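One structure is given here, and the rest of the page talks about it.
Protein chains: 2
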Amino acid sequence: MREVAIIGVGMIDWGELWEKSLRQMWAEAALAALDDAGIDKVDLITVGCMSPGLFIGQEHIASLLADELGMAGVGATRTESACASGSLAFRAGFAEVASGLSDIVLVTGVEKMTDVDGGDATYTLGTAADREYEAFHGITFPGLYAMMAQVHMAHYGTTSRQLAAVSVKNHANGLLNPHAQYHLKITIDDVLNSTMVADPLHLFDCSPITDGAAAVVLAPLDKAKDLAGNRPVVKVTGSGLATDTIALANRKDLAKLHAVELAAERAYAMAGRTPQDIHVAEVHDCFTISEVMVTEALGFFEPGQGGPAAERGLTALNGKIPVNPSGGLKSKGHPVGATGVAQIAEITTQLRGEAGQRQVNGARIGLTQNMGGSGGSSTVHILEVV
Amino acid sequence: MREVAIIGVGMIDWGELWEKSLRQMWAEAALAALDDAGIDKVDLITVGCMSPGLFIGQEHIASLLADELGMAGVGATRTESACASGSLAFRAGFAEVASGLSDIVLVTGVEKMTDVDGGDATYTLGTAADREYEAFHGITFPGLYAMMAQVHMAHYGTTSRQLAAVSVKNHANGLLNPHAQYHLKITIDDVLNSTMVADPLHLFDCSPITDGAAAVVLAPLDKAKDLAGNRPVVKVTGSGLATDTIALANRKDLAKLHAVELAAERAYAMAGRTPQDIHVAEVHDCFTISEVMVTEALGFFEPGQGGPAAERGLTALNGKIPVNPSGGLKSKGHPVGATGVAQIAEITTQLRGEAGQRQVNGARIGLTQNMGGSGGSSTVHILEVV
């Protein structure tokens, strides 16, 4: 298998971008990544996007976006796995370069969720749940994650204060990220006193609705070394994909994310790494409980210890294993198709030592974890400075 | 790059399948392909599907379907490029096996288009056009292809009778395919006397709305040889992807399909083949004019000669270059996400010499061409008996 590296990253400021369409946001991120890589030609474009059909009445967006960039002619494809769509675009690009089918791949993610025509965000996000067994009966994602939180609390004694600590930490990190949707300093009490959305999840336990895009550029390792100049070269060393039942009712244990465990196992095996080797991680905190459960599933903490670890500051920027230095989905925002690509962009930036005020010192091995729905799919990627 | 072969194909009977849901249809096709391959474990599942969000209110279907097959845990991803979604699922699986990231990949395509909840098929298919510059203003796909047909007729003298010959030929082939949606013997006059949908396209110039699924299994060539027994081994020798502007207004020449030309050029170069080497082809005849234009773009005929060639029988089962022995989209049906995978299944069946009454004699090198929207994206794959 050909070795693959990341040669460019592009982010835009995320938020409620009323003045920007999907294609405008996307082109800005794509151009930023190409500029960062110092190239102007690619062999293939992959686009992670969950539901442009429901949000803006537009499918076939990979071709549309290639044209928007003035690159009509180039191969292009879209990937979808709900909120994990972005990391599957990354995997698709990785497989293209690793196989030799493509040399340079522009990997992108995008979602336009506000100020849209037909898009009811709650309905559209609900299509990531099992339509026949969950969504049809009125379930929404805060409700699904609240059920997992209730079981986690009953099983392990996880507390609302521990969950709130995840939110406080991620908002503190987001304050240091100019691209983040929210720049808010909040306290544990702010979280606990915010509106209850689905018991035990308060408003500040939930990630927001966001417009945004992100992009990275992949190339063979040799080419990456030629282009790097004085910057560190970041190689993709592990990639794991997994699924679980979408419907929660069919799972053995609601306090565990089996797809994350499997994806991590596969990525660690491929990279020859263990959880203890990871210096920094971006994980899928669509709700505070998900960050807790994910840090357990990744092996950073024992089952039941994710909550206490967050409360003790072990996942803070200066903690034992910094998690979500970007601010995570909670503070940076969660334009669902873009999230997985933005995680790769953040870890690459960290490994290059270019993360400014939110830089994790000495980070040379990083991990990203991106999840679809209530854990029905997950990816884990491991990136390393070579 | 690791060599890749097709070790199994699975088709179901296509049509208006009121008694079957998306997951039921899909599981039947997937199980048929696994059964044909003689295996019961895969490393990854790819699913081509254009718009389950708009048709049935369900995204995240790759995970859903992995679970439906009793394979929750396995990696799974969905690809989308409008009506070319299926062949992009094939390309994704090809890249996975070629890179060594996966050994066995189940490549599938599916679309549930009739008897659906929120799905207005005309609106949903319209999302493959440019929403802001075409669909919003009321354009539909028969209208887009009718404009291309008008230009082709004005430029080359292509006639309605030549277009009708494509329909008559594909329906004649479909009569020999038990999986086809329609089993109708029709005449040139039947086509010319059928309702005008968008001048010059009559009802019998248009492919139908269809429910259906298809699947193939990919493996490394060595493994394929081990499993083949006495059956011919079918290897993937060429794969080309390309895009064009989605909006027709931005194209230089409406009488040519530039994305098809580019995808073909890339696939021929990879396989070391020319149009003259191809023994049998499945191409994207969503409308009769598209088969004419595609056979020109693939280099089977000179520009403007696609219509006369169809009328002279050069693309018939016993012609110089048999096109759409399966009956094509016109007669077999066009469940958009499934079409590209079904084309691969048909060519594999032809190259194995297992196509029964519709067998093309001596076929050892075959080609598939699958197209998104009005030619905004296209793929070309070349398969060969080794």
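Those protein sequence lines, which keep their order, are chains A and B. Going by the numbering used here, the letters in the first sequence line up with residues -7 to 378, in that order. Going by the numbering used here, the letters in the second sequence line up with residues -7 to 378, in that order. Built from N, CA and C at the ideal position, the CB exists for glycine as well. All values derive from a computational prediction rather than experimental measurement.
Across the set B:Ser79, B:Gln16 and B:Arg(-6), the C-alpha of B:Ser79 shows the shortest separation from the C-alpha of Gly329 of chain B.
Collapsing the DSSP output to three states places Asp32 of chain B in coil. The beta carbon of Ala19 of chain B sits no closer than 8 Å to any beta carbon of chain A. Per the coordinates, the alpha-carbon of Met(-7) of chain A lies some 16 Å from the alpha-carbon of Ile96 of chain A. In the structure shown, Glu8 of chain B falls within a coil segment according to DSSP collapsed to helix, strand and coil. The alpha-carbon of Asp197 of chain B is positioned some 15 Å away from that of Asn316 of chain B. In this structure, the straight-line span from the alpha carbon of Thr340 of chain A to that of Gly85 of chain A is close to 16 Å. Apart from sequence neighbours up to five positions away, the residues of its chain that approach Ala68 of chain A with a beta-carbon distance below 8 Å are Leu36, Ile37, Thr38, Val39, Ala54, Ser55, Leu57 and Ala58, ordered along the chain. The C-beta of Asp27 of chain B has fewer than 16 other C-beta atoms within 10 Å across all chains shown, which makes the residue exposed. Judged by beta-carbon spacing, Ala141 of chain A lies within the 8 Å limit of Pro192 of chain A, meaning their Cβ atoms are closer than that value. For Gln50 of chain A, at least one C-beta of chain B is nearer than 8 Å to its own C-beta.
For Ile238 of chain A, the chain B residues whose Cβ falls inside 8 Å of its Cβ are His52, Ser55, Leu56 and Asp59, in order along the chain. Segment contact: the stretch 101 to 118 of chain B against the stretch 318 to 336 of chain B, three or more CB-CB distances shorter than 8 Å; contact assigned. Fully enclosed alpha helix (DSSP H) runs of no fewer than 4 residues occupy 250 to 263 of the stretch 220 to 285 of chain B, in order along the chain.
For Val66 of chain A, the closest Cβ of chain B is nearer than 8 Å. Under the rule that a run must span 3 or more residues, the beta strand (DSSP E) segments found entirely inside the stretch 25 to 99 of chain A read 36 to 40 and 67 to 72. Interface flag for Ser231 of chain B against chain A is set, since a Cβ pair is found closer than 8 Å.
Assigned with DSSP and collapsed to three states, Ile357 of chain B falls in strand.
Using a Cβ distance threshold of 8 Å, Thr360 of chain A and Glu274 of chain A count as a contacting pair. With a 10 Å radius around the Cβ and a threshold of 16 neighbouring Cβ atoms, Lys244 of chain A comes out exposed.
Judged by DSSP secondary structure, Pro170 of chain A falls outside any alpha helix (DSSP H); it is assigned neither H nor E.
Relative to the Cα of Pro300 of chain B, the nearest Cα in the group B:Leu233, B:Val284 and B:Lys217 belongs to B:Val284. Going by DSSP, Glu376 of chain A is part of no alpha helix (DSSP H) but of the beta strand (DSSP E) stretching over Ser369 to Val377. The DSSP-derived three-state label of Gly149 of chain A is coil. At least 8 Å separates the CB of Asp245 of chain A from every CB of chain B. Within chain B, the residues placing a beta-carbon under 9 Å from that of Met42 of chain A are Gly45, Glu51 and His52, ordered along the chain. Within the stretch 312 to 360 of chain A, no run of beta strand (DSSP E) at least 3 residues long lies entirely inside it.
DSSP places Asn162 of chain A in the helix class (H, G or I) of the three-state scheme.
Nearest Cα to Ala211 of chain A within the set A:Leu375, A:Arg153, A:Ser94 and A:Ala156: A:Ser94.
For Ile(-1) of chain A, no alpha helix (DSSP H) encloses it; the enclosing beta strand (DSSP E) starts and ends at Val(-4) to Met3. Counted as a single uninterrupted DSSP element, the beta strand (DSSP E) harbouring Val208 of chain B occupies residues Gly204 to Pro212. At a beta-carbon threshold of 9 Å, the residues of chain B lying near Arg70 of chain A are Arg70, Thr71, Glu72, Ser73, Ser77 and Leu80, ordered along the chain.
The way I'd put it, the stretch 351 to 370 of chain A does touch the stretch 265 to 280 of chain A; three or more beta-carbon pairs between them come closer than 8 Å. Membership of Ala121 of chain B in any alpha helix (DSSP H) is not indicated, and neither H nor E is assigned to it by DSSP. Using a Cβ-Cβ cut-off of 8 Å, Ala216 of chain A does not count as an interface residue toward chain B, since no Cβ of chain B sits closer than that to its own. Per DSSP, reduced to three states, the secondary structure at Gly101 of chain A is strand.
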